[in-house]
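All remarks here apply to the structure that follows.
Residue numbers (the numbering used here), protein chains in the order written: chain Y, 351 to 718; chain C, 20 to 144.
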């Protein structure tokens, strides 16, 4: 047995004491001390989120407001998303790109009264903010909302629970946002379930987390369950499934490029990305279902049935709702069709698997 | 009469004559979390002390189970292959991994007894 250990000065979210009081196992993640799981364990937390509601602390993520004159036009110079057409109160998934079309980060953008609110990955937030300041700092006002926590309430009971505490949220459609007093609530998440992300002033975060956890349907869920839930939902994890060496087309994220943006370009790497869009990419991100029981982790080599290397796994593990191992990875385009047989080299032994459609578990977003 | 020993890698090993039973400790299973997969060695394989004997995977990660002593694999626990959760539920009992024919009793005698292991976990856990 080898058990990992680490020691470094870490930041804490406003919910640190809530996690510790509930017996969470705290681990270093993106510079923060975060709950990876609670005593019931990842599988139970995952299944509870799929059947009732899980509460996740995602306060480590970056919350940034862009305001001033036309922050949508400004941000469109860094992302391929259609932001000028984003209606007030609507939210969109987009990608910050580098000049060769590689992905610097993936983020959510919501149009609010006085501009745009961005939620970016914890591990990327310092570089993202520096990038925003360098590229847009003279055009728009950039406020890092560092004194706010972010809670994600996810699962089929999330709407009924949050409606009791914040009346009106139950009818918000998927990918919309609304300010409610000092809170900013969006109908969004990273689990494939219906749910909300609630931005709260840090000083009120612990009290609100306890209030949500006291609702009978709600149980705390950690980063471990967040990862198994998003993998079953086929959602990318930055730094694994997408990074600066992957472009949106091969990642299967061409849908994030708005029609007008395809016609006009004007985003980093546009020439390369639009050329790839026309010609097809040499490799594709696919869902992979191992035939056997052995999980294939990030980095596992993928071969064709003859043993030729054709790609690698970028996310993989055990899917509690699927009840077995699942993975995502990149394969050469000719092996990307649904049903294509592959081998996964786990501990140097080829293990049969096949390409499957994503997601592994059907999403259940609230469309109104 | 059986005797129980432990390793610094959190395996336990119970000797019964010239055979030893090997598994992971309660501390190890708790650190791993939900066990979702185990891979067991082939019968008849010779494994040297400290070498990989089995693999245990939790929802989070894969870890190796090392042979606490050298020997030939004479039995593996197929029950945990079908129901890996048994490793969490009963790590020192139904959740055992494999049995080895003990090659060198001195290797067994050189391992920690229960009191020493408890102290080791308390100091290093």
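All C-beta atoms, glycine included, are put in the ideal place defined by N, C-alpha and C.
Please read all numbers here as calculations on a predicted model, not as lab measurements.
Cutoff 7 Å: residue i Cβ touching any chain C Cβ
{"i": "residue 701/Y", "result": "no"}
{"i": "residue 645/Y", "result": "yes"}
{"i": "residue 406/Y", "result": "no"}
{"i": "residue 617/Y", "result": "no"}
Distance between beta carbons of residue j and residue i, contact taken as under 8 Å
{"i": "residue 396/Y", "j": "residue 579/Y", "result": "6 Å"}
{"i": "residue 41/C", "j": "residue 139/C", "result": "About 18 Å separates the two Cβ atoms, so there is no contact after all."}
{"i": "residue 654/Y", "j": "residue 685/Y", "result": "6 Å"}
{"i": "residue 47/C", "j": "residue 668/Y", "result": "No, residue 47/C and residue 668/Y are not in contact; Cβ-Cβ is about 18 Å, not under 8 Å."}
{"i": "residue 508/Y", "j": "residue 412/Y", "result": "The pair is not a contact, with the Cβ atoms about 23 Å apart (cut-off 8 Å)."}
{"i": "residue 52/C", "j": "residue 392/Y", "result": "6 Å"}
{"i": "residue 710/Y", "j": "residue 657/Y", "result": "Rounded, the Cβ-Cβ distance is 26 Å, inconsistent with contact."}
{"i": "residue 442/Y", "j": "residue 470/Y", "result": "The pair is not a contact, with the Cβ atoms about 14 Å apart (cut-off 8 Å)."}
{"i": "residue 93/C", "j": "residue 84/C", "result": "Contact doesn't hold; Cβ gap of about 16 Å is too wide."}
beta-carbon residue i near the ligand FMN non-hydrogen atom, thresh 6 Å
{"i": "residue 399/Y", "result": "Ligands displayed in this structure: none; no statement on the ligand FMN is therefore possible."}
7 Å Cβ cutoff, residue i in contact with chain Y
{"i": "residue 76/C", "result": "yes"}
{"i": "residue 20/C", "result": "With a pLDDT of 49 at residue 20/C, under the threshold of 50, the predicted position of this residue should be treated as unreliable, and no value is reported."}
{"i": "residue 70/C", "result": "no"}
{"i": "residue 118/C", "result": "no"}
{"i": "residue 79/C", "result": "yes"}
{"i": "residue 23/C", "result": "no"}
Sequence-distant residues of its chain with Cβ nearer than 7 Å to residue i (five each side left out)
{"i": "residue 386/Y", "result": "375, 377, 572, 573, 574"}
{"i": "residue 689/Y", "result": "704, 705"}
{"i": "residue 650/Y", "result": "662, 663, 666, 694, 695, 696"}
{"i": "residue 365/Y", "result": "407, 409, 499, 555, 556, 559"}
{"i": "residue 648/Y", "result": "590, 663, 664, 665, 666"}
{"i": "residue 633/Y", "result": "600, 661, 680, 681, 682, 683"}
{"i": "residue 450/Y", "result": "619, 622"}
{"i": "residue 630/Y", "result": "683"}
{"i": "residue 592/Y", "result": "453, 456, 586, 601"}
{"i": "residue 58/C", "result": "73, 74"}
Sequence-distant residues of the same chain with beta carbon closer than 6 Å to residue i, five excluded per side
{"i": "residue 20/C", "result": "Low confidence applies here, because residue 20/C scores a pLDDT of 49, under 50, leaving its location unreliable; read the following figure in that light. Closer than 6 Å at Cβ, skipping near neighbours: no residue."}
{"i": "residue 25/C", "result": "31, 131, 136"}
{"i": "residue 91/C", "result": "65, 120"}
{"i": "residue 475/Y", "result": "412"}
{"i": "residue 389/Y", "result": "373"}
{"i": "residue 718/Y", "result": "523"}
{"i": "residue 576/Y", "result": "406"}
{"i": "residue 692/Y", "result": "652, 703"}
Residues near residue i in its chain [Cβ-Cβ closer than 8 Å; skip 5 each side]
{"i": "residue 126/C", "result": "68, 87, 88, 89"}
{"i": "residue 513/Y", "result": "519, 520"}
{"i": "residue 430/Y", "result": "444, 445, 447, 598, 606, 607, 608, 611, 617, 620, 623"}
{"i": "residue 659/Y", "result": "651, 652, 653"}
{"i": "residue 561/Y", "result": "515"}
{"i": "residue 641/Y", "result": "701, 702, 703, 704"}
{"i": "residue 440/Y", "result": "460, 461, 525, 526, 527"}
Contact list for residue i against chain B, beta-carbon separation under 7 Å
{"i": "residue 133/C", "result": "Protein chains Y and C are contained in the structure displayed, whereas chain B is not."}
>> Does the contact criterion of 3 or more C-beta pairs under 8 Å hold for the region 610-627 of chain Y versus the region 425-434 of chain Y?
In response: Counting Cβ pairs under 8 Å, three or more are found: they touch.
> When the Cβ atoms of the region 358-369 of chain Y are set against those of the region 380-392 of chain Y, are three or more pairs found closer than 8 Å?
Replying inline: yes
>> Give me the subset of the region 365-395 of chain Y whose CB atoms are less than 9 Å from a CB atom of chain C, sorted by chain position.
In response: 375, 386, 387, 391, 392, 393, 394
> If we count Cβ pairs, one from each stretch, closer than 8 Å, do we get three or more for the region 673-689 of chain Y versus the region 483-496 of chain Y?
Replying inline: no
> Got a sec: which bits of the region 38-55 of chain C sit with their beta carbon under 7 Å from any beta carbon on chain Y, in order along the chain?
Replying inline: 43, 47, 50, 52, 53, 55
>> Check whether the region 420-428 of chain Y and the region 588-606 of chain Y touch, using three or more Cβ-Cβ pairs below 8 Å as the test.
In response: These segments do not touch.
> Looking at chain C, which residues of the region 654-685 of chain Y have a Cβ within less than 9 Å of any of its Cβ atoms?
Replying inline: 667, 668, 670, 674, 675
> Mind listing which residues of the region 571-605 of chain Y have their C-beta closer than 7 Å to chain C's C-betas, in chain order?
Replying inline: 574, 578
> Would you call the region 663-675 of chain Y and the region 471-487 of chain Y in contact, with 3 or more CB pairs under 8 Å?
Replying inline: no
>> Three Cβ pairs or more, each shorter than 8 Å: is that satisfied between the region 498-507 of chain Y and the region 539-556 of chain Y?
In response: yes
> Does the region 101-112 of chain C come close enough to the region 32-51 of chain C to have 3 or more Cβ pairs within less than 8 Å?
Replying inline: yes
>> Closer than 8 Å is the cut-off here; do at least three beta carbon pairs connect the region 406-419 of chain Y with the region 450-467 of chain Y?
In response: The region 406-419 of chain Y vs the region 450-467 of chain Y: in contact.
>> Beta carbons nearer than 8 Å to chain C: which residues of the region 690-717 of chain Y have them?
In response: 697
> Which residues, in order along the region 91-108 of chain C, keep a beta-carbon less than 7 Å from a beta-carbon of chain Y?
Replying inline: Residues of the region 91-108 of chain C with a C-beta less than 7 Å from any C-beta of chain Y: none at all.
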